[in-house]
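Residue numbers (the numbering used here): 23 to 298. Have a look at the structure below before the remarks.
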Amino acid sequence: MDRFALTGRTALVTGAARGLGRAFATALAEAGADLVLTDLPGDSELTATAARIEALGRSVHVLTQDLSRTDELHGFADRVRAAAGPVHILVNNAGVAALERFNEITPESWYRVMRVNLDAVFFLTQRIAEHMVADRVTGRIISVTSKNALVAEAGLAHYNASKAAVDLLTQTLAVELAPHGITVNSIAPGMVDTPIDGAFPFDRAAFEAAYRERIPLGRYAEPEECTGALLLLASDAGAYLTGTRVVVDGGVLADQMPRTRFMPPYRNTLTPETAE
Numbered sequence: 023m024d025r026f027a028l029t030g031r032t033a034l035v036t037g038a039a040r041g042l043g044r045a046f047a048t049a050l051a052e053a054g055a056d057l058v059l060t061d062l063p064g065d066s067e068l069t070a071t072a073a074r075i076e077a078l079g080r081s082v083h084v085l086t087q088d089l090s091r092t093d094e095l096h097g098f099a100d101r102v103r104a105a106a107g108p109v110h111i112l113v114n115n116a117g118v119a120a121l122e123r124f125n126e127i128t129p130e131s132w133y134r135v136m137r138v139n140l141d142a143v144f145f146l147t148q149r150i151a152e153h154m155v156a157d158r159v160t161g162r163i164i165s166v167t168s169k170n171a172l173v174a175e176a177g178l179a180h181y182n183a184s185k186a187a188v189d190l191l192t193q194t195l196a197v198e199l200a201p202h203g204i205t206v207n208s209i210a211p212g213m214v215d216t217p218i219d220g221a222f223p224f225d226r227a228a229f230e231a232a233y234r235e236r237i238p239l240g241r242y243a244e245p246e247e248c249t250g251a252l253l254l255l256a257s258d259a260g261a262y263l264t265g266t267r268v269v270v271d272g273g274v275l276a277d278q279m280p281r282t283r284f285m286p287p288y289r290n291t292l293t294p295e296t297a298e
């Protein structure tokens, strides 16, 4: 299990105030890493995440940043380096979405999603990776995409496009950074039981109940159930994984058609003698 240990390493997690970001930061700290946490200025939940890290006996720095301000991201990366020293692990977790039909998406909505989900990932990674190279760090860069990077979902044209773009960006950076010993991978969660802001122009409870029936495992993931993939990609155990994607979706992408609920109930064909 020492291959999963992160003692002596520093990780930067974006979107760390709640949900997956908080779960990722906590898991990294449990594995021994020190943390730099960031989210929007004024988000009080970021303090709660920092308290969890401190309770685990790890060092934590809180540096807020609006990631949609693309021109500030190089300076933000420099501030992180000055405050916490070399960054060994970057987790690009922050993201936004808006539920809109394709013909209703305005330029403002399109660019907001792209700035946070794609532009921020590129420009923050660009500068952090340069620091990794300069510091001779065997770095780990992990971006959180979505199953929506692989299959479309109505009402999310901008979100789908942004996540798919990050997947190809991940492969490109993996190739360019490999000579420096830096790996670049992504995690593609399915439906995760986290707070979702924003208006839903339909019966959200009915939608979620129907979606759970679509998931082979029959439920949404808890945020902590995505941390195993993160620890693999962040640690020495995943040192030979780069340019790849780990899907954590409860089997959704494996199921072309949710046919099992229309089939006869499962029958165990083992005889009592075979079972023994």
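Note that the Cβ used here is the ideal one computed from N, Cα and C, for glycine as well.
Taking C-alpha atoms, which residue in the options lies nearest to residue i?
{"i": "residue 272", "options": "181, 237, 249", "result": "237"}
{"i": "residue 178", "options": "88, 290, 139, 248", "result": "139"}
{"i": "residue 246", "options": "214, 291, 225", "result": "214"}
{"i": "residue 93", "options": "70, 141, 135", "result": "141"}
{"i": "residue 31", "options": "284, 231, 137, 103", "result": "103"}
{"i": "residue 86", "options": "73, 74, 58", "result": "58"}
{"i": "residue 123", "options": "223, 33, 234", "result": "223"}
{"i": "residue 233", "options": "285, 261, 175, 185", "result": "175"}
{"i": "residue 132", "options": "185, 259, 180, 51", "result": "180"}
{"i": "residue 75", "options": "137, 89, 38, 24", "result": "38"}
{"i": "residue 162", "options": "88, 24, 227, 258", "result": "258"}
Helix, strand or coil for residue i, going by three-state DSSP, please let me know.
{"i": "residue 131", "result": "helix"}
{"i": "residue 157", "result": "coil"}
{"i": "residue 232", "result": "helix"}
{"i": "residue 184", "result": "helix"}
{"i": "residue 91", "result": "coil"}
{"i": "residue 150", "result": "helix"}
{"i": "residue 24", "result": "helix"}
{"i": "residue 62", "result": "coil"}
{"i": "residue 84", "result": "strand"}
{"i": "residue 69", "result": "helix"}
{"i": "residue 277", "result": "coil"}
{"i": "residue 291", "result": "coil"}
{"i": "residue 190", "result": "helix"}
{"i": "residue 52", "result": "helix"}
{"i": "residue 122", "result": "strand"}
In the DSSP output, which residue or residues are listed as bridge partners for residue i?
{"i": "residue 243", "result": "214"}
{"i": "residue 114", "result": "165"}
{"i": "residue 209", "result": "166, 268"}
{"i": "residue 138", "result": "DSSP, once it has assigned bridges, lists no residue as partnering residue 138."}
{"i": "residue 35", "result": "59, 113"}
What number of angstroms, rounded off, separates the C-alpha of residue i from the C-alpha of residue j?
{"i": "residue 279", "j": "residue 97", "result": "48 Å"}
{"i": "residue 56", "j": "residue 256", "result": "13 Å"}
{"i": "residue 115", "j": "residue 35", "result": "7 Å"}
{"i": "residue 198", "j": "residue 43", "result": "27 Å"}
{"i": "residue 119", "j": "residue 250", "result": "25 Å"}
{"i": "residue 47", "j": "residue 293", "result": "48 Å"}
{"i": "residue 5", "j": "residue 289", "result": "There is no way to answer for residue 5, as the model of the chain reaches only from 23 to 298."}
{"i": "residue 183", "j": "residue 171", "result": "7 Å"}
{"i": "residue 53", "j": "residue 126", "result": "45 Å"}
{"i": "residue 303", "j": "residue 26", "result": "With the chain covering 23 to 298 only, the question about residue 303 has no answer from this structure."}
{"i": "residue 262", "j": "residue 204", "result": "10 Å"}
{"i": "residue 101", "j": "residue 227", "result": "43 Å"}
{"i": "residue 33", "j": "residue 243", "result": "24 Å"}
{"i": "residue 159", "j": "residue 194", "result": "19 Å"}
{"i": "residue 225", "j": "residue 240", "result": "20 Å"}
Within its chain, find whatever has a CB closer than 6 Å to the CB of residue i; leave out the 5 residues flanking it on each side and keep chain order.
{"i": "residue 40", "result": "67"}
{"i": "residue 45", "result": "245, 246, 249"}
{"i": "residue 5", "result": "For residue 5 there is no data in the structure shown, the boundaries of the chain being 23 and 298."}
{"i": "residue 212", "result": "169, 271, 272, 274"}
{"i": "residue 70", "result": "none"}
{"i": "residue 89", "result": "116, 138, 142"}
Tell me which residues share the same chain as residue i and place their Cβ nearer than 7 Å to its Cβ, disregarding the 5 neighbours each side in the sequence.
{"i": "residue 99", "result": "146, 149, 150, 153"}
{"i": "residue 217", "result": "40, 41"}
{"i": "residue 72", "result": "59, 82, 84"}
{"i": "residue 78", "result": "51, 52"}
{"i": "residue 157", "result": "108"}
Within a Cβ cutoff of 8 Å, which residues of the same chain sit near residue i, ignoring the five residues on either side of it in sequence?
{"i": "residue 143", "result": "114, 165, 188, 191"}
{"i": "residue 268", "result": "207, 208, 209, 210, 251, 254, 255"}
{"i": "residue 135", "result": "118, 119, 120, 180, 181, 184"}
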